[in-house]
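To start, the structure itself, in structure tokens.
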Amino acid sequence: MNIVKQLLKDNTLNNKKIDIEISGLVRSFEGNIIETDPFPATVGSICDIEIPKTQSISAEVIGFRNEKNLIAMHQSDSNVRIGSKVRLISDGVNVPVGKELLGRVLDAMGNPLDNKKSLITNEQWPLYGKTINPLQRNKVEAPFDVGVRSINSLVTIGMGQRIGIIAGSGVGKSILLQMMSKYAKADVVVVGLIGERAREVKTMVETLKKFDEHNKIIIIAVPADRSPLLRMKGANRCTAIAEYFRSKGKNVLLIMDSLTRVAHAKREIGLALGEQPTSKGYPPSVISMIPSLIERTGNGIKNEGSITAFYTVLADSDDHNDPVVDSARAILDGHIILSREQSQLGIYPAIDIKNSISRIMDDIVSEEQKNLAKHFKKLVSVYQESRDLVLMGGYTKGQDAAIDEAHEIWPKLVDFIKQDQNYKSNYDDSIKDLKSLITLKE
19 MNIVKQLLKD
29 NTLNNKKIDI
39 EISGLVRSFE
49 GNIIETDPFP
59 ATVGSICDIE
69 IPKTQSISAE
79 VIGFRNEKNL
89 IAMHQSDSNV
99 RIGSKVRLIS
109 DGVNVPVGKE
119 LLGRVLDAMG
129 NPLDNKKSLI
139 TNEQWPLYGK
149 TINPLQRNKV
159 EAPFDVGVRS
169 INSLVTIGMG
179 QRIGIIAGSG
189 VGKSILLQMM
199 SKYAKADVVV
209 VGLIGERARE
219 VKTMVETLKK
229 FDEHNKIIII
239 AVPADRSPLL
249 RMKGANRCTA
259 IAEYFRSKGK
269 NVLLIMDSLT
279 RVAHAKREIG
289 LALGEQPTSK
299 GYPPSVISMI
309 PSLIERTGNG
319 IKNEGSITAF
329 YTVLADSDDH
339 NDPVVDSARA
349 ILDGHIILSR
359 EQSQLGIYPA
369 IDIKNSISRI
379 MDDIVSEEQK
389 NLAKHFKKLV
399 SVYQESRDLV
409 LMGGYTKGQD
419 AAIDEAHEIW
429 PKLVDFIKQD
439 QNYKSNYDDS
449 IKDLKSLITL
459 KE
């Protein structure tokens, strides 16, 4: 084995160049899984499958069973047949990184999608990241300006915080992500569009390309019709790119839309490998994958930058008790919930202020802002709880000071939450607007 390793390392023998091919033959193909001869490879290794009369297709090692390699294709192809050669290409553990990625749109394998010149980079980063000692990470100490007034002032995010955006379909999630991508105060923005509709991917890319500072944005696009392997690889690639720029001292904004689609991809792979489904059909590997992906973000060590991460989590039928929602909410540093009721009333961004929370906010804002935000949330809560009573005529003005204040100021609260998608509200202006709206009684 040591001789083989040495040959693979320098590819020479007695100063003569030799070609070494590590390969096997297809022995069975069932569902999405190909079984091949047991050639030496690790999980995640990239392979080529030779297809008659066509070019070879890309595939990946996903496991082993009964002394056979288990391979899954990056794209479906019915021409695979018994005896097709499967050739090892690389171990797949590193991805190319560098400043050359800025302003580009890439697929899960790092290939350009923007019809620009091919990428040539000189550096690499592990696809699955580098482990950081949690005791050496920098603390979250400063607010992160996302450019959205209601988030900056009422659900303040810290630089290096990880936040979930929990939403059903059609409540303005994509618009909110576009606003943050354009207006957030970050050195580098990495956007992972994983498992979304191709139409939405195109719209997002075209919108961000019109932005003046679009050259600081990197987009990894893996639409819903791509294989689960590519969706998983896309999520890991955009995280690896963010980690690289953090290591260079940059403050990075990572947006992954969506974590749920990544979980669905992992579920497909797990079930194909024979894992037993548990809650709502999710095998255990899905639940363990979520924290391992999220924990790669956050603050770096001394002299490094930060990754402030937003993960969208789809709540099917507005069910916030889905296993993916529960797992994400448990590991994230807070969550922003988008309300269908508010979107139906035309309140955009449709942020449910009452039920959204930033676990780090109290540690990074002033006592005054903390009290103003609490009073704002109290007014929203009182209004929503008493609205039906007032509309039915069951309440007489003057009976409760809190109800009177909430109903009197409600139109101004709505105007504060509303924000046009073409308008940026920086952090200082957001706090100033909050102070001018809310008056605290002594």
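With this note's numbering applied, the sequence shown corresponds to residues 19 to 460, in that order. Cβ atoms here follow ideal geometry from the backbone N, Cα and C, with glycine treated the same way.
Own chain partners of residue i with C-beta closer than 7 Å, once the 5 adjacent residues on each side are dropped
i: Leu455; result: Lys430 and Phe434
i: Lys284; result: Met250, Ser303, Val304 and Met307
i: Glu294; result: Per the sequence shown, residue 294 should be read as Gln rather than Glu. Excluding positions up to five away in sequence, the list reads Pro301.
i: Thr225; result: Gln196
i: Arg255; result: Val113, Ala126, Gly128, Leu145 and Ile238
i: Ser374; result: Val173, His353, Ile354 and Ile355
i: Asp380; result: Lys388
i: Val432; result: Ile365
i: Gly292; result: none
Neighbourhood of residue i by C-beta, 8 Å cutoff - its chain only, sequence neighbours within 5 removed
i: Gln437; result: Val166, Arg167, Ser168, Met197, Tyr366, Pro367 and Ser443
i: Leu407; result: Tyr413
i: Asn233; result: Leu120 and Gly121
i: Ser376; result: Val173, Thr174, Ile175, Gly176, Gln179, Ile181, Asp351 and Gly352
i: Lys134; result: Arg122
Residue i vs residue j beta-carbon contact at 8 Å
i: Ala239; j: Val223; result: yes
i: Glu214; j: Pro246; result: no
i: Val208; j: Ile259; result: yes
i: Ile325; j: Leu350; result: no
i: His439; j: Ile193; result: For clarity, residue 439 is Gln in the given sequence; the question names His instead. Yes; because the gap between Cβ atoms is below 8 Å, this pair is in contact.
i: Ile75; j: Leu88; result: no
i: Gly186; j: Gly110; result: no
i: Ile369; j: Ile354; result: yes
i: Leu390; j: Leu452; result: yes
i: Gly210; j: Asp275; result: yes
i: Ile421; j: Val400; result: yes
i: Gly318; j: Asn269; result: no
i: Pro161; j: Val342; result: no
i: Gly101; j: Asn140; result: no
i: Leu277; j: Ala346; result: yes
i: Ser108; j: Ile64; result: yes
i: Lys200; j: Phe229; result: yes
i: Ala59; j: Ile67; result: no
i: Thr221; j: Thr257; result: no
CB-CB length for residue i against residue j, believed under 8 Å
i: Ala327; j: Leu272; result: 4 Å
i: Arg464; j: Ile308; result: With the chain covering 19 to 460 only, the question about residue 464 has no answer from this structure.
i: Arg99; j: Val44; result: 7 Å
i: Gly49; j: Val104; result: Between Val104 and Gly49 the Cβ distance is about 17 Å, and since that is not below 8 Å, they are no contact.
i: Gly147; j: Glu261; result: 5 Å
i: Leu145; j: Pro114; result: Actually they do not touch by this definition, with Cβ atoms about 11 Å apart.
i: Ala290; j: Ile51; result: 6 Å
i: Ala281; j: Ile184; result: Wrong, their Cβ atoms sit about 14 Å apart, outside the cutoff.
i: Leu356; j: Val189; result: 4 Å
i: Leu106; j: Ile40; result: 4 Å
i: Ala424; j: Ser404; result: 7 Å
i: Asn156; j: Lys320; result: 7 Å
i: Asp163; j: Tyr445; result: 4 Å
i: Lys86; j: Glu118; result: Between Glu118 and Lys86 the Cβ distance is about 40 Å, and since that is not below 8 Å, they are no contact.
Own chain residues within Cβ distance below 6 Å of residue i, not counting five before or after
i: Ser448; result: Arg167, Asn170 and Ser171
i: Asn339; result: none
i: Ser361; result: Val189, Gly190 and Ala368
i: Val2; result: This structure cannot speak to residue 2, because the chain is shown only from 19 to 460.
i: Gly288; result: Pro301 and Ser303
Those residues which DSSP pairs with residue i across a bridge
i: Tyr329; result: Gly182 and Met274
i: Asp66; result: Ser76 and Arg105
i: Leu356; result: Ile369
i: Gln142; result: Pro114
i: Asn269; result: Ser324
i: Leu137; result: Note: Leu137 sits in no beta bridge, so no partner.
i: Thr457; result: Answer by DSSP bridge pairing: none, since Thr457 is not bridged.
i: Met91; result: Ala77
i: Ile1; result: Nothing about residue 1 can be read from this structure; the chain reaches only from 19 to 460.
i: Ile375; result: His353
i: Ala290; result: BP columns for Ala290 are empty, so no partner.
i: Asn124; result: First, the residue type needs correcting, since residue 124 is Leu and not Asn in the sequence shown. Its beta-bridge partners are Pro130 and Ile238.
i: Gly176; result: Pro161
i: Gly316; result: Ile325
i: Ser41; result: Arg105
Residue i CB to nearest heavy atom of the ligand SAH below 7 Å
i: Val98; result: This structure simply doesn't include the ligand SAH, nor any ligand for that matter.
For this session: Flag this pair as touching only if the region 123–134 and the region 263–271 have three or more C-beta atom pairs under 8 Å; answer yes or no.
Result: No, the region 123–134 is not in contact with the region 263–271.
Exercise. So does the region 175–185 actually touch the region 339–354, counting three or more Cβ pairs closer than 8 Å?
Worked result: Touching, yes.
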